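Below is one structure, written out as structure tokens; comments come after it.
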Amino acid sequence: MKVYTLLVFLFACFIIASCKNDKIVPQQLQGTYKGSFKSLNTASANDRSGLLGGSAQVVISGNNYMGGSSAVQQSRGSYVITGNNIIFTDSLAHTADFNWSLLLSGTFKQSTKGDSLVWTKTLGTYNYIYTLKKQ
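Here the sequence shown is numbered in this note's numbering, starting from 4 and rising by one per residue.
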């Protein structure tokens, strides 16, 4: 009876451990992603200043990425995943005549919504959101 109880316990532990691993790892991100980008001011629903949106495309190969939103200049560089965050390091030189917060650069919270990958960066009262589907 003790062996049976031990086997049931070990099986339950295995099932629980396999269900907890919902993190996205770099090997899962390989490929081309297309979707949308938007920036939102969370301080006021009536404040539309600085809001921007458009299509987005990101190509990931190894630990490198290229792309971003059609609303601003593109980014290219490397990324690393830490927990539920993905950190993009842009290696391109950019002019100073636009809002650099709009670049695909910096730390984004990574999640999924249905079959879409969602990256959200929060700076002050602004959220910068990429919603992408693997092609």
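Glycine included, C-beta positions come from ideal geometry on N, C-alpha and C.
Just so it is clear, the structure is predicted and the values come from calculations on it, not from any experiment.
Within the same chain, and ignoring the five residues on either side of Leu107 in sequence, the residues whose Cβ sits closer than 6 Å to its Cβ are Gly71, Ser78, Phe91.
As computed with DSSP, Thr115 is found in a beta bridge with Leu120. Shown here, Gln33 sits in coil according to DSSP, grouped into three states, outside any helix or strand. Rounded to the nearest whole angstrom, the CA to CA distance from Gln76 to Asp100 is 11 Å. Cβ-Cβ distances below 6 Å link Tyr36 to Val61, Leu135, Lys137 in the same chain, with the five nearest sequence neighbours on each side left out; the list follows chain order. Taking a contact as a CB-CB distance under 8 Å, the pair Ser42 and Leu54 counts as one, their CB atoms being some 6 Å apart. Here DSSP, grouped into helix, strand and coil, assigns Ser73 to coil.
The DSSP-derived three-state label of Leu43 is strand. The C-beta of Asp118 has fewer than 16 other C-beta atoms within 10 Å across all chains shown, which makes the residue exposed. Inter-residue distance for Thr125 and Gly34 is about 25 Å (C-alpha atoms, whole angstroms). Look at Ser108 here: in three-state DSSP terms it is coil, with no helix or strand label.
In summary, Ala59 is buried, with 16 or more beta-carbon neighbours lying within 10 Å of its beta-carbon over all protein chains present.
Note that the C-beta distance between Thr123 and Phe111 is below 8 Å. It is roughly 31 Å from the alpha-carbon of Asn44 to the alpha-carbon of Asn66.
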